[in-house]
Amino acid sequence: MEWLLDPAAWVGLFTLIVLEIVLGIDNLVFIAILVDKLPPKQRDRARVLGLSLALVMRLFLLTLMSWLVKLTEPLVHLGDLSFSGRDLILITGGFFLLFKGTFELHDRIEGRTQHASGSRLHAGFWVIVTQIVILDAVFSVDSVITAVGMVDHLAIMMAAVVIAMAIMLVASKPLTAFVNAHQTVVILCLGFLLTIGFSLVADGFSFHVPKGYLYAAIVFSVLIETLNQWARRNVRRAEMRRPLRERTAEAVLLMLGRKPLDGPEPEDGQDVPAPVEAFGDEERNMVSGVLTLSDRNVHSVMTPRTDVSWINLDAPVEDLRAQLIREPHSFFPVCRGTLDEVVGVGRAKDLLLDLLEHGGIRETRLREPIIVHETIPILQLMETLKRSHGLLVLVADEFGSIVGVVTPIDIFEAIAGEFPDEDEAPDIIDQGNGRWRVDGAADLHHLEQILHTDGLVDEHEEYSTLAGYLLSRFGRLPQVGDHCELVRGYGGFRFTVAALEGRRIAAVQIDSLDPFDPEAETRED
(Lines of atoms letter the chains of each structure in order from A and count residues from 1; the text may use other names and numbers.)
(Lines give C-alpha, C1' and ligand atoms only; values in the text may rest on other atoms or scores of the structure.)
Protein backbone atom coordinates (compact mmCIF):
# COMPACT_ATOMS: atom_id res chain seq x y z
CA MET A 1 0.00 0.00 0.00
CA GLU A 2 3.04 2.27 -0.44
CA TRP A 3 1.22 3.98 -3.34
CA LEU A 4 -1.03 5.73 -0.81
CA LEU A 5 1.92 7.95 0.08
CA ASP A 6 2.92 8.56 -3.54
CA PRO A 7 1.53 11.88 -4.94
CA ALA A 8 1.97 10.56 -8.46
CA ALA A 9 -0.37 7.67 -7.61
CA TRP A 10 -3.08 10.09 -6.46
CA VAL A 11 -2.69 12.13 -9.63
CA GLY A 12 -2.99 8.91 -11.63
CA LEU A 13 -6.07 7.89 -9.63
CA PHE A 14 -7.82 11.24 -10.26
CA THR A 15 -6.91 11.24 -13.95
CA LEU A 16 -8.08 7.65 -14.35
CA ILE A 17 -11.41 8.45 -12.64
CA VAL A 18 -12.01 11.29 -15.11
CA LEU A 19 -11.10 9.07 -18.06
CA GLU A 20 -13.31 6.24 -16.82
CA ILE A 21 -16.25 8.65 -16.54
CA VAL A 22 -15.59 10.03 -20.02
CA LEU A 23 -15.27 6.54 -21.48
CA GLY A 24 -18.47 5.50 -19.70
CA ILE A 25 -20.66 8.39 -20.85
CA ASP A 26 -21.41 6.76 -24.21
CA ASN A 27 -22.36 3.57 -22.37
CA LEU A 28 -24.58 5.58 -20.03
CA VAL A 29 -26.31 7.39 -22.90
CA PHE A 30 -27.11 4.17 -24.71
CA ILE A 31 -28.44 2.60 -21.51
CA ALA A 32 -30.73 5.64 -21.13
CA ILE A 33 -32.12 5.07 -24.62
CA LEU A 34 -32.55 1.32 -24.09
CA VAL A 35 -34.32 1.48 -20.72
CA ASP A 36 -36.92 3.86 -22.17
CA LYS A 37 -38.34 0.83 -24.00
CA LEU A 38 -39.22 -0.82 -20.67
CA PRO A 39 -42.30 -0.21 -18.52
CA PRO A 40 -41.73 2.72 -16.11
CA LYS A 41 -41.56 0.42 -13.06
CA GLN A 42 -38.68 -1.60 -14.56
CA ARG A 43 -36.52 1.23 -15.88
CA ASP A 44 -34.65 2.06 -12.67
CA ARG A 45 -34.05 -1.62 -12.02
CA ALA A 46 -32.63 -2.18 -15.51
CA ARG A 47 -30.49 0.95 -15.30
CA VAL A 48 -28.96 0.00 -11.94
CA LEU A 49 -28.53 -3.62 -13.02
CA GLY A 50 -26.84 -2.54 -16.26
CA LEU A 51 -24.33 -0.27 -14.54
CA SER A 52 -23.71 -2.89 -11.82
CA LEU A 53 -22.93 -5.49 -14.45
CA ALA A 54 -20.55 -3.03 -16.09
CA LEU A 55 -18.77 -2.52 -12.76
CA VAL A 56 -18.55 -6.27 -12.09
CA MET A 57 -17.29 -6.92 -15.62
CA ARG A 58 -14.60 -4.26 -15.38
CA LEU A 59 -13.39 -5.44 -11.99
CA PHE A 60 -13.34 -9.00 -13.29
CA LEU A 61 -11.31 -8.01 -16.33
CA LEU A 62 -8.88 -6.09 -14.14
CA THR A 63 -8.13 -9.28 -12.24
CA LEU A 64 -7.30 -10.91 -15.57
CA MET A 65 -4.76 -8.29 -16.64
CA SER A 66 -2.25 -10.88 -17.81
CA TRP A 67 -4.87 -12.35 -20.14
CA LEU A 68 -6.14 -8.95 -21.13
CA VAL A 69 -2.69 -7.77 -22.17
CA LYS A 70 -2.44 -10.75 -24.53
CA LEU A 71 -5.57 -9.59 -26.32
CA THR A 72 -3.40 -7.05 -28.07
CA GLU A 73 -1.30 -9.74 -29.72
CA PRO A 74 -2.22 -10.78 -33.30
CA LEU A 75 -4.73 -13.62 -33.31
CA VAL A 76 -6.15 -13.71 -36.86
CA HIS A 77 -4.38 -12.88 -40.12
CA LEU A 78 -6.17 -11.88 -43.34
CA GLY A 79 -3.60 -10.97 -45.95
CA ASP A 80 -1.72 -7.94 -44.78
CA LEU A 81 -4.17 -7.36 -41.96
CA SER A 82 -3.85 -8.93 -38.56
CA PHE A 83 -6.44 -8.80 -35.82
CA SER A 84 -5.97 -9.26 -32.11
CA GLY A 85 -8.64 -10.38 -29.68
CA ARG A 86 -9.15 -6.73 -28.71
CA ASP A 87 -9.56 -5.77 -32.37
CA LEU A 88 -12.21 -8.44 -32.92
CA ILE A 89 -14.13 -7.29 -29.83
CA LEU A 90 -13.96 -3.66 -30.95
CA ILE A 91 -15.09 -4.51 -34.49
CA THR A 92 -17.99 -6.62 -33.21
CA GLY A 93 -19.04 -3.97 -30.73
CA GLY A 94 -18.64 -1.20 -33.30
CA PHE A 95 -20.88 -2.97 -35.81
CA PHE A 96 -23.39 -3.64 -33.05
CA LEU A 97 -23.43 0.08 -32.19
CA LEU A 98 -23.80 1.04 -35.86
CA PHE A 99 -26.65 -1.42 -36.36
CA LYS A 100 -28.47 -0.55 -33.16
CA GLY A 101 -27.91 3.19 -33.52
CA THR A 102 -29.08 3.20 -37.15
CA PHE A 103 -32.18 1.17 -36.26
CA GLU A 104 -33.07 3.47 -33.37
CA LEU A 105 -32.35 6.61 -35.43
CA HIS A 106 -34.55 5.35 -38.27
CA ASP A 107 -37.47 4.74 -35.90
CA ARG A 108 -37.12 8.18 -34.34
CA ILE A 109 -36.90 10.03 -37.67
CA GLU A 110 -39.75 8.07 -39.26
CA GLY A 111 -41.89 8.87 -36.21
CA ARG A 112 -42.81 5.27 -35.50
CA THR A 113 -44.54 4.70 -32.21
CA GLN A 114 -44.80 1.42 -30.41
CA HIS A 115 -48.52 1.35 -29.71
CA ALA A 116 -51.20 -1.25 -30.12
CA SER A 117 -54.87 -0.94 -29.15
CA GLY A 118 -54.11 2.31 -27.31
CA SER A 119 -51.48 0.78 -25.00
CA ARG A 120 -47.78 1.17 -25.51
CA LEU A 121 -45.80 -1.95 -26.34
CA HIS A 122 -42.75 -2.40 -24.09
CA ALA A 123 -39.70 -4.52 -24.74
CA GLY A 124 -38.87 -7.51 -22.55
CA PHE A 125 -36.80 -6.82 -19.45
CA TRP A 126 -34.13 -9.43 -20.13
CA VAL A 127 -33.92 -8.48 -23.80
CA ILE A 128 -32.91 -4.97 -22.79
CA VAL A 129 -30.56 -6.26 -20.08
CA THR A 130 -28.88 -8.56 -22.64
CA GLN A 131 -28.26 -5.62 -24.94
CA ILE A 132 -26.85 -3.65 -22.03
CA VAL A 133 -24.48 -6.55 -21.19
CA ILE A 134 -23.20 -6.64 -24.78
CA LEU A 135 -22.55 -2.91 -24.63
CA ASP A 136 -20.85 -3.30 -21.25
CA ALA A 137 -18.52 -5.95 -22.68
CA VAL A 138 -17.47 -3.67 -25.56
CA PHE A 139 -16.92 -0.55 -23.48
CA SER A 140 -15.36 -2.43 -20.56
CA VAL A 141 -12.55 -3.81 -22.68
CA ASP A 142 -11.63 -0.37 -23.94
CA SER A 143 -11.92 1.12 -20.44
CA VAL A 144 -9.83 -1.57 -18.75
CA ILE A 145 -7.11 -1.40 -21.38
CA THR A 146 -6.93 2.35 -20.79
CA ALA A 147 -6.58 1.73 -17.06
CA VAL A 148 -3.83 -0.82 -17.55
CA GLY A 149 -1.93 1.57 -19.78
CA MET A 150 -2.11 4.47 -17.34
CA VAL A 151 -1.21 3.11 -13.90
CA ASP A 152 0.72 0.19 -12.52
CA HIS A 153 -1.16 -0.61 -9.31
CA LEU A 154 -4.21 -2.88 -9.42
CA ALA A 155 -5.67 -1.17 -6.34
CA ILE A 156 -5.60 2.22 -8.10
CA MET A 157 -7.29 0.74 -11.16
CA MET A 158 -10.06 -0.88 -9.12
CA ALA A 159 -10.58 2.21 -6.96
CA ALA A 160 -10.85 4.41 -10.05
CA VAL A 161 -13.37 2.07 -11.70
CA VAL A 162 -15.52 1.80 -8.55
CA ILE A 163 -15.55 5.58 -7.97
CA ALA A 164 -16.29 6.32 -11.62
CA MET A 165 -19.13 3.81 -11.74
CA ALA A 166 -20.58 5.17 -8.47
CA ILE A 167 -20.62 8.67 -9.93
CA MET A 168 -22.24 7.39 -13.13
CA LEU A 169 -24.83 5.47 -11.11
CA VAL A 170 -25.84 8.65 -9.25
CA ALA A 171 -25.94 10.72 -12.45
CA SER A 172 -27.66 8.07 -14.57
CA LYS A 173 -31.24 8.71 -13.44
CA PRO A 174 -31.34 12.50 -14.07
CA LEU A 175 -29.44 11.98 -17.32
CA THR A 176 -31.91 9.30 -18.39
CA ALA A 177 -34.86 11.54 -17.55
CA PHE A 178 -33.33 14.48 -19.42
CA VAL A 179 -32.46 12.46 -22.52
CA ASN A 180 -35.90 10.87 -22.77
CA ALA A 181 -37.68 14.19 -22.19
CA HIS A 182 -35.90 15.89 -25.11
CA GLN A 183 -36.22 14.12 -28.44
CA THR A 184 -33.57 16.30 -30.10
CA VAL A 185 -31.11 15.18 -27.41
CA VAL A 186 -31.96 11.55 -28.18
CA ILE A 187 -31.20 12.13 -31.87
CA LEU A 188 -27.94 13.83 -30.91
CA CYS A 189 -26.95 10.95 -28.62
CA LEU A 190 -27.71 8.40 -31.34
CA GLY A 191 -25.44 10.40 -33.63
CA PHE A 192 -22.72 10.18 -30.98
CA LEU A 193 -23.16 6.41 -30.77
CA LEU A 194 -22.89 6.08 -34.55
CA THR A 195 -19.68 8.10 -34.43
CA ILE A 196 -18.30 5.99 -31.59
CA GLY A 197 -19.31 2.78 -33.37
CA PHE A 198 -17.50 3.90 -36.51
CA SER A 199 -14.39 4.78 -34.49
CA LEU A 200 -14.43 1.34 -32.81
CA VAL A 201 -14.62 -0.41 -36.18
CA ALA A 202 -11.84 1.80 -37.56
CA ASP A 203 -9.72 1.13 -34.47
CA GLY A 204 -10.30 -2.60 -34.87
CA PHE A 205 -8.91 -2.36 -38.43
CA SER A 206 -5.83 -0.51 -37.10
CA PHE A 207 -7.02 2.89 -38.36
CA HIS A 208 -6.73 4.76 -35.10
CA VAL A 209 -8.97 7.80 -34.72
CA PRO A 210 -7.65 10.14 -32.01
CA LYS A 211 -10.15 10.31 -29.17
CA GLY A 212 -9.53 14.03 -28.88
CA TYR A 213 -11.16 14.63 -32.26
CA LEU A 214 -14.23 12.64 -31.29
CA TYR A 215 -14.63 14.31 -27.93
CA ALA A 216 -14.06 17.78 -29.43
CA ALA A 217 -16.84 17.14 -31.96
CA ILE A 218 -19.12 15.79 -29.23
CA VAL A 219 -18.45 18.74 -26.91
CA PHE A 220 -19.10 21.20 -29.76
CA SER A 221 -22.38 19.46 -30.61
CA VAL A 222 -23.40 19.46 -26.95
CA LEU A 223 -22.75 23.20 -26.73
CA ILE A 224 -24.91 23.83 -29.81
CA GLU A 225 -27.71 21.64 -28.43
CA THR A 226 -27.43 23.43 -25.07
CA LEU A 227 -27.97 26.77 -26.79
CA ASN A 228 -30.88 25.22 -28.70
CA GLN A 229 -32.52 23.95 -25.50
CA TRP A 230 -31.92 27.31 -23.84
CA ALA A 231 -33.60 29.12 -26.75
CA ARG A 232 -36.57 26.73 -26.60
CA ARG A 233 -36.93 27.26 -22.88
CA ASN A 234 -37.00 31.03 -23.39
CA VAL A 235 -39.66 30.62 -26.08
CA ARG A 236 -41.75 28.46 -23.73
CA ARG A 237 -41.36 31.02 -20.95
CA ALA A 238 -42.48 33.80 -23.29
CA GLU A 239 -45.42 31.64 -24.36
CA MET A 240 -46.37 30.94 -20.75
CA ARG A 241 -46.64 34.68 -20.10
CA ARG A 242 -49.65 34.75 -22.41
CA PRO A 243 -52.95 33.98 -20.67
CA LEU A 244 -53.92 30.33 -20.70
CA ARG A 245 -57.30 31.23 -22.19
CA GLU A 246 -55.61 33.02 -25.10
CA ARG A 247 -53.27 30.11 -25.82
CA THR A 248 -56.13 27.63 -25.63
CA ALA A 249 -58.27 29.76 -27.93
CA GLU A 250 -55.48 30.02 -30.49
CA ALA A 251 -54.91 26.26 -30.42
CA VAL A 252 -58.61 25.56 -30.96
CA LEU A 253 -58.82 28.11 -33.77
CA LEU A 254 -55.88 26.43 -35.50
CA MET A 255 -57.65 23.10 -35.14
CA LEU A 256 -60.72 24.68 -36.75
CA GLY A 257 -58.61 25.63 -39.77
CA ARG A 258 -58.02 29.33 -39.03
CA LYS A 259 -54.57 30.72 -39.74
CA PRO A 260 -52.89 32.30 -36.69
CA LEU A 261 -52.94 36.07 -36.71
CA ASP A 262 -49.18 36.32 -36.36
CA GLY A 263 -48.41 33.46 -38.74
CA PRO A 264 -45.98 33.96 -41.65
CA GLU A 265 -47.47 34.93 -44.96
CA PRO A 266 -46.67 32.63 -47.90
CA GLU A 267 -44.36 33.99 -50.54
CA ASP A 268 -45.45 34.82 -54.08
CA GLY A 269 -46.22 31.69 -56.04
CA GLN A 270 -46.10 29.49 -52.95
CA ASP A 271 -48.96 27.04 -52.59
CA VAL A 272 -51.11 27.51 -49.53
CA PRO A 273 -52.24 24.24 -47.90
CA ALA A 274 -55.96 24.05 -47.40
CA PRO A 275 -57.03 23.86 -43.75
CA VAL A 276 -58.58 20.69 -42.46
CA GLU A 277 -62.32 21.32 -42.53
CA ALA A 278 -63.32 19.33 -39.45
CA PHE A 279 -66.25 21.70 -38.85
CA GLY A 280 -68.78 23.44 -41.04
CA ASP A 281 -68.68 27.21 -41.56
CA GLU A 282 -71.45 27.90 -39.04
CA GLU A 283 -69.92 25.64 -36.42
CA ARG A 284 -66.46 27.11 -36.92
CA ASN A 285 -67.80 30.67 -36.73
CA MET A 286 -69.69 29.92 -33.52
CA VAL A 287 -66.65 28.36 -31.81
CA SER A 288 -64.50 31.24 -33.01
CA GLY A 289 -67.08 33.70 -31.69
CA VAL A 290 -67.04 32.08 -28.24
CA LEU A 291 -63.24 31.99 -28.03
CA THR A 292 -62.75 35.59 -29.16
CA LEU A 293 -65.68 37.06 -27.23
CA SER A 294 -63.69 38.20 -24.21
CA ASP A 295 -61.21 40.03 -26.47
CA ARG A 296 -63.93 42.24 -27.93
CA ASN A 297 -65.03 45.63 -26.62
CA VAL A 298 -68.55 46.84 -25.95
CA HIS A 299 -68.62 48.93 -29.13
CA SER A 300 -68.28 45.80 -31.26
CA VAL A 301 -71.48 44.22 -29.88
CA MET A 302 -73.75 47.12 -28.96
CA THR A 303 -76.33 48.87 -31.09
CA PRO A 304 -74.84 52.36 -31.68
CA ARG A 305 -76.64 55.50 -30.58
CA THR A 306 -77.67 56.43 -34.12
CA ASP A 307 -79.61 53.13 -34.47
CA VAL A 308 -81.20 53.06 -31.01
CA SER A 309 -84.99 53.24 -30.95
CA TRP A 310 -86.17 55.18 -27.90
CA ILE A 311 -89.39 56.69 -26.55
CA ASN A 312 -89.55 60.46 -26.08
CA LEU A 313 -91.98 61.42 -23.33
CA ASP A 314 -92.32 64.88 -24.90
CA ALA A 315 -93.55 63.47 -28.23
CA PRO A 316 -97.26 63.48 -29.17
CA VAL A 317 -99.29 60.46 -28.04
CA GLU A 318 -100.24 59.50 -31.60
CA ASP A 319 -96.59 59.49 -32.69
CA LEU A 320 -95.64 57.29 -29.74
CA ARG A 321 -98.51 54.88 -30.45
CA ALA A 322 -97.46 54.61 -34.12
CA GLN A 323 -93.83 54.07 -33.14
CA LEU A 324 -94.65 51.26 -30.70
CA ILE A 325 -96.85 49.54 -33.29
CA ARG A 326 -94.29 49.96 -36.07
CA GLU A 327 -91.11 48.84 -34.34
CA PRO A 328 -90.62 45.17 -33.33
CA HIS A 329 -88.61 45.73 -30.14
CA SER A 330 -89.80 44.40 -26.79
CA PHE A 331 -88.13 47.06 -24.60
CA PHE A 332 -87.42 50.74 -25.17
CA PRO A 333 -85.38 53.35 -23.32
CA VAL A 334 -87.84 56.00 -22.20
CA CYS A 335 -86.29 59.47 -22.19
CA ARG A 336 -87.29 63.09 -21.95
CA GLY A 337 -86.27 65.18 -24.94
CA THR A 338 -82.96 63.43 -25.63
CA LEU A 339 -81.50 59.95 -25.29
CA ASP A 340 -79.10 61.22 -22.63
CA GLU A 341 -82.04 62.08 -20.33
CA VAL A 342 -83.05 58.51 -19.53
CA VAL A 343 -86.09 58.16 -17.26
CA GLY A 344 -86.37 54.38 -17.33
CA VAL A 345 -86.88 51.29 -19.46
CA GLY A 346 -90.36 50.22 -20.52
CA ARG A 347 -91.87 47.08 -21.99
CA ALA A 348 -93.54 47.79 -25.34
CA LYS A 349 -96.92 46.26 -24.43
CA ASP A 350 -97.02 48.14 -21.10
CA LEU A 351 -96.22 51.43 -22.81
CA LEU A 352 -98.87 50.86 -25.46
CA LEU A 353 -101.44 49.94 -22.78
CA ASP A 354 -100.69 53.18 -20.90
CA LEU A 355 -101.17 55.19 -24.07
CA LEU A 356 -104.53 53.52 -24.78
CA GLU A 357 -105.91 53.62 -21.22
CA HIS A 358 -104.38 56.77 -19.74
CA GLY A 359 -103.45 58.81 -22.80
CA GLY A 360 -99.81 58.92 -21.75
CA ILE A 361 -96.94 56.94 -20.29
CA ARG A 362 -96.85 56.70 -16.52
CA GLU A 363 -93.29 56.95 -15.21
CA THR A 364 -94.21 54.74 -12.27
CA ARG A 365 -94.60 51.82 -14.71
CA LEU A 366 -91.00 52.22 -15.92
CA ARG A 367 -88.12 50.09 -14.70
CA GLU A 368 -84.87 51.50 -13.37
CA PRO A 369 -82.37 51.87 -16.26
CA ILE A 370 -79.11 49.89 -16.09
CA ILE A 371 -76.19 51.97 -17.34
CA VAL A 372 -72.63 50.65 -17.76
CA HIS A 373 -69.45 52.38 -18.87
CA GLU A 374 -68.12 51.74 -22.36
CA THR A 375 -64.89 50.23 -20.97
CA ILE A 376 -66.68 47.36 -19.20
CA PRO A 377 -65.29 43.91 -20.18
CA ILE A 378 -67.63 41.75 -22.23
CA LEU A 379 -67.75 38.94 -19.66
CA GLN A 380 -68.68 41.41 -16.91
CA LEU A 381 -71.31 42.88 -19.24
CA MET A 382 -72.77 39.40 -19.68
CA GLU A 383 -73.14 39.08 -15.91
CA THR A 384 -74.91 42.46 -15.85
CA LEU A 385 -77.30 41.29 -18.57
CA LYS A 386 -78.08 38.16 -16.57
CA ARG A 387 -79.02 40.27 -13.56
CA SER A 388 -81.15 42.57 -15.71
CA HIS A 389 -83.74 39.80 -16.28
CA GLY A 390 -84.00 40.45 -19.99
CA LEU A 391 -83.84 44.25 -19.90
CA LEU A 392 -81.59 46.20 -22.21
CA VAL A 393 -78.43 47.81 -20.85
CA LEU A 394 -77.42 51.36 -21.76
CA VAL A 395 -73.77 52.15 -22.47
CA ALA A 396 -72.37 55.56 -21.51
CA ASP A 397 -69.06 57.22 -22.32
CA GLU A 398 -66.77 59.15 -19.99
CA PHE A 399 -68.90 62.29 -20.37
CA GLY A 400 -72.11 60.51 -19.36
CA SER A 401 -73.59 60.51 -22.85
CA ILE A 402 -75.41 57.38 -24.01
CA VAL A 403 -73.43 55.84 -26.87
CA GLY A 404 -75.37 52.63 -27.40
CA VAL A 405 -77.58 49.85 -26.13
CA VAL A 406 -76.78 46.19 -25.46
CA THR A 407 -79.32 43.36 -25.23
CA PRO A 408 -78.86 39.60 -24.73
CA ILE A 409 -79.49 39.10 -28.45
CA ASP A 410 -76.45 41.31 -29.21
CA ILE A 411 -74.22 38.92 -27.25
CA PHE A 412 -75.83 35.96 -29.00
CA GLU A 413 -75.21 37.57 -32.42
CA ALA A 414 -71.56 38.11 -31.48
CA ILE A 415 -71.30 34.34 -31.11
CA ALA A 416 -73.68 32.93 -33.72
CA GLY A 417 -73.90 35.72 -36.30
CA GLU A 418 -76.66 38.09 -37.39
CA PHE A 419 -80.35 37.74 -36.52
CA PRO A 420 -81.96 40.71 -38.30
CA ASP A 421 -85.26 42.09 -37.04
CA GLU A 422 -88.29 42.31 -39.33
CA ASP A 423 -87.44 45.88 -40.28
CA GLU A 424 -83.74 45.20 -40.80
CA ALA A 425 -81.72 43.92 -43.74
CA PRO A 426 -78.66 41.70 -43.15
CA ASP A 427 -75.46 43.67 -42.69
CA ILE A 428 -73.60 41.31 -45.04
CA ILE A 429 -75.17 40.11 -48.28
CA ASP A 430 -73.29 37.44 -50.25
CA GLN A 431 -73.73 38.23 -53.95
CA GLY A 432 -71.73 35.21 -55.10
CA ASN A 433 -68.54 34.98 -57.19
CA GLY A 434 -66.46 36.55 -54.43
CA ARG A 435 -68.63 39.69 -54.03
CA TRP A 436 -70.36 41.03 -50.92
CA ARG A 437 -72.54 44.05 -50.22
CA VAL A 438 -71.84 45.14 -46.64
CA ASP A 439 -73.38 47.77 -44.40
CA GLY A 440 -70.85 50.26 -43.05
CA ALA A 441 -71.93 49.40 -39.51
CA ALA A 442 -71.09 45.69 -39.98
CA ASP A 443 -69.08 44.19 -37.15
CA LEU A 444 -65.46 43.49 -38.16
CA HIS A 445 -65.27 40.22 -36.22
CA HIS A 446 -68.30 38.86 -38.06
CA LEU A 447 -66.96 40.16 -41.38
CA GLU A 448 -63.64 38.36 -40.82
CA GLN A 449 -65.54 35.12 -40.27
CA ILE A 450 -67.58 35.56 -43.46
CA LEU A 451 -64.53 36.46 -45.57
CA HIS A 452 -62.33 33.76 -43.93
CA THR A 453 -59.54 36.25 -43.41
CA ASP A 454 -57.91 38.38 -40.73
CA GLY A 455 -56.24 41.76 -40.55
CA LEU A 456 -59.44 43.81 -40.22
CA VAL A 457 -59.66 43.81 -36.43
CA ASP A 458 -57.00 45.83 -34.64
CA GLU A 459 -57.15 45.61 -30.86
CA HIS A 460 -55.11 48.83 -30.59
CA GLU A 461 -57.68 50.87 -32.52
CA GLU A 462 -61.03 52.10 -31.22
CA TYR A 463 -63.12 51.26 -34.29
CA SER A 464 -65.15 48.03 -34.43
CA THR A 465 -67.13 48.47 -37.67
CA LEU A 466 -66.24 48.32 -41.34
CA ALA A 467 -66.88 52.06 -41.65
CA GLY A 468 -64.39 52.73 -38.84
CA TYR A 469 -61.81 50.52 -40.50
CA LEU A 470 -62.16 52.34 -43.83
CA LEU A 471 -62.05 55.78 -42.21
CA SER A 472 -58.81 54.72 -40.52
CA ARG A 473 -57.42 53.54 -43.87
CA PHE A 474 -58.42 56.63 -45.85
CA GLY A 475 -57.70 59.15 -43.09
CA ARG A 476 -60.68 61.18 -44.30
CA LEU A 477 -64.32 60.80 -45.24
CA PRO A 478 -64.12 59.04 -48.62
CA GLN A 479 -66.31 59.67 -51.65
CA VAL A 480 -68.50 57.12 -53.39
CA GLY A 481 -66.25 55.02 -55.62
CA ASP A 482 -63.11 55.39 -53.50
CA HIS A 483 -61.49 52.04 -52.78
CA CYS A 484 -58.60 50.41 -50.95
CA GLU A 485 -57.23 46.87 -50.76
CA LEU A 486 -56.41 44.45 -48.01
CA VAL A 487 -53.67 42.33 -49.59
CA ARG A 488 -52.35 39.08 -48.14
CA GLY A 489 -49.84 36.64 -49.62
CA TYR A 490 -52.70 34.31 -50.55
CA GLY A 491 -55.00 36.96 -52.11
CA GLY A 492 -57.01 39.79 -50.64
CA PHE A 493 -60.07 42.01 -50.92
CA ARG A 494 -60.96 45.35 -52.49
CA PHE A 495 -63.25 47.63 -50.47
CA THR A 496 -65.19 50.16 -52.54
CA VAL A 497 -67.39 52.82 -50.93
CA ALA A 498 -70.85 52.24 -52.47
CA ALA A 499 -73.06 54.70 -50.57
CA LEU A 500 -72.84 57.55 -48.09
CA GLU A 501 -75.45 58.90 -45.69
CA GLY A 502 -74.32 62.32 -44.58
CA ARG A 503 -70.94 61.86 -42.93
CA ARG A 504 -71.42 58.09 -42.58
CA ILE A 505 -70.26 55.27 -44.84
CA ALA A 506 -73.56 53.50 -45.43
CA ALA A 507 -72.60 50.65 -47.78
CA VAL A 508 -69.41 49.03 -49.04
CA GLN A 509 -68.85 46.72 -51.99
CA ILE A 510 -66.25 44.02 -51.26
CA ASP A 511 -64.61 42.07 -54.10
CA SER A 512 -62.25 39.15 -53.66
CA LEU A 513 -58.88 39.73 -55.32
CA ASP A 514 -57.11 37.08 -57.32
CA PRO A 515 -53.82 36.14 -55.60
CA PHE A 516 -51.94 37.36 -58.67
CA ASP A 517 -54.14 40.36 -59.53
CA PRO A 518 -51.70 42.92 -61.07
CA GLU A 519 -53.96 45.78 -59.93
CA ALA A 520 -53.77 44.79 -56.27
CA GLU A 521 -51.57 46.89 -54.04
CA THR A 522 -48.46 45.19 -52.76
CA ARG A 523 -48.59 46.55 -49.25
CA GLU A 524 -50.13 44.53 -46.39
CA ASP A 525 -52.11 45.85 -43.45
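In my numbering, the protein residues as written are 944 to 1468. C-beta: ideal position from N, C-alpha, C; glycine also.
Check                                                                                                                                                              : Outcome
May I ask you to list the residues that DSSP assigns as paired with Q1452?                                                                                         : R1380, T1439
Please list, in chain order, all residues of the same chain as L1413 whose beta carbon is under 8 Å from its beta carbon, the five residues on each side excluded. : G1383, P1421, C1427, F1438, V1440, I1448, V1451
If you reduce the DSSP assignment to three classes, tell me which class R986 lands in.                                                                             : helix
I1358 lies in the alpha helix (DSSP H); which residues open and close that run?                                                                                    : 1351-1359
Looking at the structure shown, is L1335 part of a helix, part of a strand, or coil, going by DSSP?                                                                : coil
Quick check on the DSSP output: the beta strand (DSSP E) that includes S1025 runs from which residue to which?                                                     : 1024-1027
Could you tell me the alpha carbon to alpha carbon distance between L998 and F1163, rounded to whole angstroms?                                                    : 29 Å
CA-CA distance, G993 and T1127?                                                                                                                                    : 24 Å
Which same chain residues end up closer than 8 Å to V1336 when comparing Cβ atoms and leaving out the 5 residues on each side of it in sequence?                   : I1313, I1314, V1315, L1324, T1327, L1328, V1348, V1349, T1350
Could you please give me the residues that DSSP links to F1275 through a beta bridge?                                                                              : G1289
Could you tell me the boundaries of the alpha helix (DSSP H) in which I1319 lies?                                                                                  : Unbroken run through I1319: none, as it is neither H nor E.
So, at 7 Å on beta carbons, what are the nonlocal neighbours of G1302 in its own chain, with the 5 sequence-adjacent residues on each side left out?               : V1260
Please report the straight-line C-alpha distance between A1339 and F1121, rounded to a whole angstrom.                                                             : 57 Å
Quick one: is the Cβ of D1425 within less than 6 Å of any heavy atom of the ligand ADP?                                                                            : Among the ligands in the structure shown, none appear at all, so the ligand ADP cannot be discussed.
Give the secondary structure of T1396 by DSSP, where H, G and I count as helix, E and B as strand, and everything else as coil.                                    : coil
M1101 to L1002, Cα distance in whole Å?                                                                                                                            : 6 Å
Got a sec? Which residues, its chain only, sit under 7 Å from V1400 by beta carbon, not counting five neighbours each side?                                        : L1387, H1388, E1391
Considering G1375, what are the terminal residues of the beta strand (DSSP E) in which it resides?                                                                 : 1371-1375
Could you please give the first and the last residue of the uninterrupted beta strand (DSSP E) stretch that includes V1019?                                        : 1017-1021
Assuming R1416 is part of the alpha helix (DSSP H), what are its boundary residues?                                                                                : 1409-1417
Give me the Cβ distance between S1407 and I1321, rounded to the nearest whole Å; I'm assuming they're in contact under 8 Å.                                        : With 8 Å as the limit, S1407 and I1321 do not qualify as a contact, their Cβ atoms being about 12 Å apart.
Please state whether DSSP places I1345 in a helix, a strand or coil.                                                                                               : strand
Starting from the Cα of P1271, find the closest Cα among T1281, Y1156, V1285, S1252 and give me that residue.                                                      : S1252
Whole angstroms is fine: what's the gap from P1528's alpha carbon to G1067's?                                                                                      : In the structure displayed, the chain extends from 944 to 1468; residue 1528 sits before or after that span and is not available.
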